[in-house]
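Colleague:
Numbering (my numbering), first residue to last: 1 to 243.
#1: Using a Cβ-Cβ cutoff of less than 7 Å, which residues in the same chain neighbour residue 221 once the five nearest sequence positions on both sides are dropped?
#2: Buried or exposed for residue 237, please, with buried defined as at least 16 other CB atoms from any protein chain shown within 10 angstroms of its CB.
#3: Determine the contact status of residue 39 and residue 242, defining contact as a CB-CB distance below 7 Å.
#4: Spatial neighbours of residue 43 within its chain, please: C-beta separation below 8 Å, excluding the five flanking residues on both sides.
#5: Residue 104 and residue 138 - do their beta-carbons sit closer together than 7 Å?
#6: Leaving aside the five residues before and after residue 228 along the sequence, list all residues of the same chain whose C-beta is less than 8 Å from its C-beta, in chain order.
#7: Hey, out of 187, 180, 157 and 181, whose CA is closest to residue 169's CA?
#8: Quick check for students: name the residue ranges of the beta strand (DSSP E) that lie wholly in the region 67 to 138, counting only runs of 3 or more.
#9: So if DSSP puts residue 2 in a beta bridge, which residue, or which two residues, is it bridged to?
#10: Specify the secondary structure class of residue 244 as computed by DSSP and reduced to three states.
#11: What are the boundary residues of the beta strand (DSSP E) that includes residue 242?
#12: Could you compute how far the alpha carbon of residue 8 sits from the alpha carbon of residue 143?
#13: So, with DSSP's three-state summary, where would you put residue 153?
#14: What's the C-alpha gap between residue 65 and residue 56?
#15: Put residue 215 into one of helix, strand or coil per three-state DSSP.
#16: Do residue 145 and residue 162 come within 7 Å of each other at the CB atom, strictly closer than that value?
#17: Can the beta-carbon of residue 107 be found closer than 7 Å to that of residue 31?
#18: Please classify residue 208 as buried or exposed, where buried requires at least 16 other C-beta atoms within 10 Å of its C-beta.
#19: For residue 21 and residue 157, which I take to be in contact (beta-carbon distance under 8 Å), what is that distance rounded to the nearest angstrom?
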């Protein structure tokens, strides 16, 4: 079982994302934590978009507007005509709805990785559940753990979340796991700070912005490791559902 980590979404080469790859996506602050929460709280599906224009076009073409919930941000600012895409803002509004989601980094990364054989959506909230699912469904693919990053930059929270997942994957796997240096570094970082999740996220650049925006409750919630036992998976290259 080979595991490699990509530092940011800009490292994704769609031509290299093929049927022999399995992708695990992280945008801890916020997209993958939000997607995981929406599905855990009863959303039918989440559709990730590259940008706000795509999301608004999908909303306008939807038959029953009562069946959808549209949320999005760009560079941390909630987009016009959309709900704030945070877990706590959405979790009580999404039951039995389709969530249309546009974010700066996470939804873009998901779309760029869509051609992989399997695409899982992971966060600190559901890291163990995803690790267990990957082991159960593994069929010889190279596992790409993809950090979305932030604005073409590495970010600490995705690296930490990826390390959490990799550590749990290695712990649970019944076969040898071959980690690239980047994957090993993430795992070591997590193991050395595994009881400091909220402090790590709060110290990260995006975490500091969230605190400045009054989103400390979301930050606390997102920092809960293995709080949710759900496995979101991309279906048909464009819709995320619980597997």
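C-beta atoms are modelled at their ideal positions from N, C-alpha and C, and glycine is treated no differently.
Modeller: In this structure, then:
#1: 87 and 88
#2: exposed
#3: yes
#4: 69, 94, 95, 96, 97, 98 and 99
#5: no
#6: 36, 37, 40, 125, 126 and 129
#7: 187
#8: 68 to 74, 98 to 102 and 118 to 122
#9: 178
#10: Lying outside 1 to 243, the shown extent of the chain, residue 244 is not represented and no answer is given.
#11: 239 to 242
#12: 15 Å
#13: strand
#14: 12 Å
#15: coil
#16: yes
#17: yes
#18: exposed
#19: That belief does not hold up - the Cβ atoms of residue 21 and residue 157 are roughly 24 Å apart, past 8 Å.
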